[in-house]
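Colleague: Going left to right, the sequence shown walks through residues 6 to 225 as the numbering used here numbers them.
For every residue, glycine included, the Cβ atom is placed at its ideal position computed from N, Cα and C.
Source: prediction; values computed, not measured.
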Amino acid sequence: MNFLEELKTLDPKDPGRWPLLFRALAILALFLVLTAVFIYFVPIQNQAPELERAQREEQDLLRTFDERQRKAANFEAYKAQLKEMERSFGAMLRQLPGRTEVPSLLVDISQTGLAAGLQEKLFQPAPEVRKDFYAELPIKIRLTGSYHQFGNFVSGIAALPRIVTLHDISIVPEGKDAGPDRLTLDVTAKTYRYLDDSELATAEKGKPGAKPAAKTGGGG
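Below you can see the structure in the form of structure tokens.
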């Protein structure tokens with residue numbers, strides 16, 4: 006009986022009765038299969054964390070790509086919005102007086118109170134406060150009059166062509182000897198002026214860490 010005929014006669018349900026050669030071959034084949042399975046699956050299990058990390062990076066890259074794609078698609082809209090903001094900012098900046106216009110603006114504020122029928126008890130400009138590109142000019146004002154006159158004063162301030170804001174408003178009766186409608190208004194009016202180029206340059210030099218200007222001219 007040759008090898009193939011003996012192989013056909015083997016009972017797969019009773020491998021214990023197989024000849025020694027066939028049992029050895031079956032064990033060897035099972036060992037090779039298990040070894041192949043082990044070699045295939047164990048590296049995959051070891052690389053699972055790296056695979057998960059790569060998948061997370063892929064999702065992050067996709068999100069970044071989507072964000073940049075949306076920004077690129079809206080780029081023209083952003084440019085138009087920026088131009089509109091620059092136009093609005095320029096319009097607001099034009100409402101700030103220059104240094105030479107401040108005295109006339111102070112006169113306008115004072116005249117607004119007098120035009121409303123109020124008596125001016127105090128009109129005291131305080132030292133200006135420098136900001137990034139503009140200066141804030143507070144003015145302490147005390148006026149006496151009626152509620153109606155105060156309303157006219159506030160409306161007149163709002164109608165000025167320059168920006169003037171009112172702060173720290175206090176209204177109290179003028180005194181026992183005054184009439185019931187006589188009141189005293191204490192208020193701080195703030196107006197603003199833009200800094201000219203020379204003032205901006207001076208402020209920039211005064212900032213911490215600013216580099217001193219280079220000296221020119223030769224030595225003797």
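What number of angstroms, rounded off, separates the C-alpha of Thr189 from the C-alpha of Ala120?
Modeller: Spanning the two alpha carbons is a distance of roughly 17 Å.
Colleague: Under a three-way DSSP split, which group does Lys136 fall into?
Modeller: If DSSP states are grouped into helix, strand and coil, Lys136 belongs with coil.
Colleague: Taking DSSP's pairing of strands, which residues face Lys145 in a bridge?
Modeller: The partner list for Lys145 (beta bridge, DSSP) reads Gln129 and Thr193.
Colleague: Give the DSSP-derived three-state secondary structure of Asp113 in the structure shown.
Modeller: Helix at Asp113.
Colleague: What is the DSSP secondary structure of Arg198, counted as helix, strand or coil?
Modeller: Note: Arg198 maps to strand in three-state DSSP.
Colleague: Using only alpha-carbon positions, find the residue among Leu165, Ala41, Lys145 and Arg167 that is nearest to Ala131.
Modeller: It is Lys145 whose Cα lies nearest to the Cα of Ala131.
Colleague: List the DSSP bridge partners of Glu151.
Modeller: The question names Glu, but residue 151 in the sequence shown is Ser. Paired residue(s): none; Ser151 is not in a bridge.
Colleague: For Ile32, name the three-state secondary structure that DSSP assigns.
Modeller: The answer is helix: DSSP assigns Ile32 an H, G or I state.
Colleague: Is there contact here, the region 107 to 121 with the region 72 to 88, by at least three beta-carbon pairs under 8 Å?
Modeller: With a cut-off of 8 Å, the region 72 to 88 and the region 107 to 121 do not count as touching, because too few Cβ pairs lie within range.
Colleague: Quick one: give me the first and last residue of the beta strand (DSSP E) that Leu171 is part of.
Modeller: Per DSSP, Leu171 belongs to the beta strand (DSSP E) from Val169 to Pro178.
Colleague: Less than 8 Å between the C-beta atoms of Leu148 and Gly118, yes or no?
Modeller: Taking 8 Å as the Cβ cut-off, Leu148 and Gly118 qualify as a contacting pair.
Colleague: Using 8 Å for Cβ pairs, my map puts Ser203 next to Asp191. What's the rounded Cβ distance?
Modeller: The pair is not a contact, with the Cβ atoms about 36 Å apart (cut-off 8 Å).
Colleague: Just to check my reading of the structure: Ile168 and Tyr199 have Cβ atoms closer than 8 Å, yes? What is that Cβ distance to the nearest angstrom?
Modeller: The Cβ separation is near 11 Å, so there is no contact.
Colleague: Leaving out the 5 sequence neighbours to the left and right, which residues in its chain are closer than 7 Å to Glu141 when beta-carbon positions are compared?
Modeller: The answer, listed in chain order, is Glu133, Val134, Lys195 and Tyr197.
Colleague: Run through the DSSP bridge pairs and tell me what Gln124 is partnered with.
Modeller: Gln124 pairs with Thr149.
Colleague: Out of curiosity, what's the CA-to-CA distance linking Phe155 and Asn79?
Modeller: Between Phe155 and Asn79, the C-alpha separation is close to 49 Å.
Colleague: Throw me the rounded Cβ distance for the Glu106 and Ser115 pair, which I believe falls under 8 Å.
Modeller: At roughly 15 Å, the Cβ-Cβ gap does not stay under 8 Å, so Glu106 and Ser115 are not in contact.
Colleague: For the candidate residues Gly122, Lys136, Pro143 and Tyr139, whose alpha-carbon lies nearest to that of Gln129?
Modeller: Checked all of Gly122, Lys136, Pro143 and Tyr139; the closest Cα to Gln129 is Pro143.
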